[in-house]
Structures are given as structure tokens and as C-alpha cells.
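Structure first, commentary second.
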Ligand SMILES: [Zn+2]
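Structural data, given as C-alpha cells:
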């Protein structure tokens, strides 16, 4: 089976077709090229296990009824995350994925990131909403306003983000959208947006080893081979890469990619350079690489 979709993703299997058709029509072109430069992943099902990429075997563990899973559109996001891992890890050995190249950028971001600020329990400062929203790129602001239509909600998010209260902004978004996701006619879209914002938090957690952001616990990273001590293992750049990839290919990528780029600008810039190299076929596997454990 072959073909394509509006964004230019190759569609080589029914598994890819099912999810790729729901990715953003304006997905980042380098993300599309990197996908097309990676051999199609296979799909496997194991009872009690799903949403994982097995690098040595190049398959994604998917639900048994993957075409009609109860997770609905959330699986578009899970697919994007696991494909991010596939692009990074395909054909690589136990030394880690192509994303190892992000490590120096991660260290630069860590050196520059202030500690997690205290939550701001003060009254919403409505006058600041407009100014903070204007600091977002036009396309990112448009997505934020569409996703948080309630009065003042987008402005509150923008103020928290501008103040460096990233976790508060993400947590507030998820709480608000979870409520509307129950009743909204666009329930499936809202569920995917919740997943995407959680992946923004997971990206930040990976870059800052949990000192900022959320997502994977430190214990997860500590079990993976260290790169530079236990706080920078092969898992940190791998999860940062997969989550940045989600933010490049999900509908609303104008907002999502702005959030991850502003939270960790060095890591995100390095990720984009790496993504372009992969798409150009300059990061092909080397023959002495061996399978790596699943992440
Ligand atoms: Zn992952």
C-alpha cells in the first residue's frame, strides 16, 4: 500500500494510514521528511502492553482493536510519539538513538533554566492578559484562543507561561480542557489536545530531569544507560525528541512547537537540525549498531 496525505507523509501500511490521515495538514516539513526516510513500523499487540516502540524490532505495540480503540484520537498522539522514537532509534545500537546529539543542548538549557517558581495564587491580572498573548506568535496565539475559548483562559495561560510558571500553565490547561472534553461536541479533538499538552510537559521534564515540567518519573530515566551521570541518560534526549516530534505533527503544532521551543530553546533548535539531517538521509544506521532496549 502506498500513497500520501495532505502534509506529504508517505502512507505505506494500513496502520500508518489510519493515524497519518489525522496528523496536522501543516505538519513541519522536516518532520514529514524524517518520517518518510524511516522504514514503516510494524504493529504488534501484547495483552496488557501498548504504546511502546521496540527499537530492536522496529514495531509499535498498539491496542488489539487499534482501529477503534477506546482511547480514540488520543492514539493519534501516541502514534506520533512512538513514531518519534522510531525515527530516532531505528537501526541504532545500545549506545542510544540519534537524539544523543541533543545532549550538549540539553546541558545548555539546564544551565540557563531558573528553578520552578512558586504558584501565583493572586487575582488574575486581566490587564496583563493582552500583553502576554501578544508575546505569542500570531499562529500560536490563534490556536491557544481556539483551544481555550472561555473568557480569560487563554490570557491566564499566556501570563503564567510568560512568568515561567510552565507547570501551572500546563496544569491549568489540562484541568480546563478536561472539563470541556466531557461535554464538548469536539470531545475527541479536546482529548488529543490534552494529550499534546501533557507531552509538552513530558518534553520539559526530559530536558530538565524532572526539576521542571512533568511526565516520566526520574526512576524511569535512572534505569537507562547514563550519558553524563544519572541525571542525563540516553532516555532524556530520546523522550525530548519524541515529544518535540509530537509537537511538530499534531494539529495545533503552531502553539505546541512554540511552547517546547520557548521552554528549552537550545534543545529544540538542536532537535530541528537533527530532524533535517535525518530527513536528508544523513543519519542512516551504521552496520555495527545493535538492537537497543525499548523506551
Ligand atoms: Zn516515549
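Residue numbers (the working numbering): 192 to 486. Glycine included, each C-beta is placed from N, C-alpha and C at the ideal position. For clarity, every value in this text was computed on a predicted model and none was experimentally measured.
Under 8 Å from any heavy atom of ligand 1, does the C-beta of residue 427 make it?
-> Position 236 of the chain shown holds residue 427. The answer is no for residue 427.
Taking only the alpha-carbon atoms, compute the straight-line gap between residue 388 and residue 357 and give it to the nearest angstrom.
-> Numbered from its first residue, the chain shown carries residue 388 at position 197. Numbered from its first residue, the chain shown carries residue 357 at position 166. The alpha-carbon atoms of residue 388 and residue 357 are separated by roughly 11 Å.
Rounded straight-line distance, which links the Cα of residue 368 to that of residue 338 = Residue mapping note: residue 338 aligns to position 147 of the chain shown, counting from 1. Residue mapping note: residue 368 aligns to position 177 of the chain shown, counting from 1. Computed Cα separation, rounded: 8 Å.
Starting from the C-beta of residue 405, find all residues in its chain whose C-beta is less than 6 Å away, skip the five residues before and the five after it, and write them out in chain order.
-> Position 214 of the chain shown, counted from the first residue, corresponds to residue 405. Correct list, in chain order: 392 and 396.
How would you label residue 370, buried or exposed, when you count the other beta carbons within 10 angstroms and need 16 or more for buried?
-> Translated into the one-based positions of the chain shown, residue 370 becomes position 179. Only exposed fits residue 370, as fewer than 16 other CB atoms lie within 10 angstroms of its CB.
Checking contacts by CB at 9 Å: is residue 475 closer than that to chain B?
-> The structure shown contains no chain B; it holds only a single protein chain.
Count the other CB atoms within 10 Å of the CB of residue 382; is the residue buried (16 or more) or exposed (fewer)?
-> Here residue 382 refers to the residue found at position 191 when the chain shown is read from its first residue. It is buried - the Cβ of residue 382 has at least 16 other Cβ atoms within 10 Å.
Straight-line gap, residue 409 to residue 443 (C-alpha atoms, nearest Å) = Here residue 409 corresponds to residue number 218 of the chain shown, with the count starting at 1. Here residue 443 corresponds to residue number 252 of the chain shown, with the count starting at 1. If you draw a straight line from the Cα of residue 409 to the Cα of residue 443, it comes to about 29 Å.
Hey, residue 290 and residue 465 are a contact pair by Cβ (cut 8 Å); roughly how many whole angstroms apart?
-> Along the chain shown, one-based indexing puts residue 290 at 99. Along the chain shown, one-based indexing puts residue 465 at 274. Confirmed, about 7 Å.
Buried versus exposed, by CB contacts within 10 Å (16 or more), residue 323 | By 1-based counting over the chain shown, the position of residue 323 is 132. Around the beta-carbon of residue 323, 16 or more other beta-carbon atoms lie within 10 Å, marking it buried.
Secondary structure of residue 235, DSSP reduced to three states = Against the chain shown, residue 235 aligns to sequence position 44. Residue state, collapsed to three classes: strand.
Secondary structure of residue 391, DSSP reduced to three states = For the purposes of this step, residue 391 is taken as residue 200 along the chain shown, with counting starting at 1. Here residue 391 sits in helix by DSSP.
Is residue 234 closer than 9 Å to residue 266 when the C-beta atoms are compared?
-> As a working mapping, residue 266 is identified with position 75 in the chain shown. As a working mapping, residue 234 is identified with position 43 in the chain shown. For residue 266 and residue 234, no; Cβs fall outside 9 Å.
Going by the beta-carbon positions, is the gap between residue 351 and residue 363 smaller than 9 Å?
-> The count along the chain shown starts at 1 and reaches residue 351 at position 160. The count along the chain shown starts at 1 and reaches residue 363 at position 172. Yes, the Cβ-Cβ distance between residue 351 and residue 363 is below 9 Å.
Roughly how far, in whole angstroms, is the beta-carbon of residue 283 from the beta-carbon of residue 476, given that I think they are within contact range, below 8 Å?
-> For the purposes of this step, residue 283 is taken as the residue at position 92 of the chain shown. For the purposes of this step, residue 476 is taken as the residue at position 285 of the chain shown. The C-beta distance from residue 283 to residue 476 rounds to 6 Å, short enough to fall under 8 Å.
So, helix, strand or coil for residue 424, using DSSP?
-> To locate residue 424, count along the chain shown from 1; it is residue 233. Judged by DSSP in its simplified three-state form, residue 424 adopts strand.
Is residue 310 helix, strand or coil by DSSP?
-> Numbered from 1 along the chain shown, position 119 holds the residue referred to as residue 310. Coil.
Segment contact flag, the segment 304-321 with the segment 422-442, C-beta cutoff 8 Å, min 3 pairs = No, they do not touch.
What's the call for residue 419, buried or exposed, on a 16-neighbour Cβ count within 10 Å?
-> Looking up residue 419 in the chain shown gives position 228. By the 10 Å Cβ count, residue 419 comes out exposed.
Through-space distance from residue 422 to residue 215, alpha-carbon basis = Position 24 of the chain shown, counted from the first residue, corresponds to residue 215. Position 231 of the chain shown, counted from the first residue, corresponds to residue 422. Their backbone Cα atoms lie some 34 Å apart in a straight line.
Taking 8 Å as the threshold, find out whether the segment 451-470 comes into contact with the segment 298-309 through three or more Cβ pairs.
-> Under the three-pair Cβ rule at 8 Å, the segment 451-470 counts as touching the segment 298-309.
Does the Cβ of residue 394 have 16 or more other Cβ atoms within 10 Å, making it buried, or fewer, making it exposed?
-> Counting from 1 along the chain shown, the entry for residue 394 is found at position 203. By the 10 Å Cβ count, residue 394 comes out buried.
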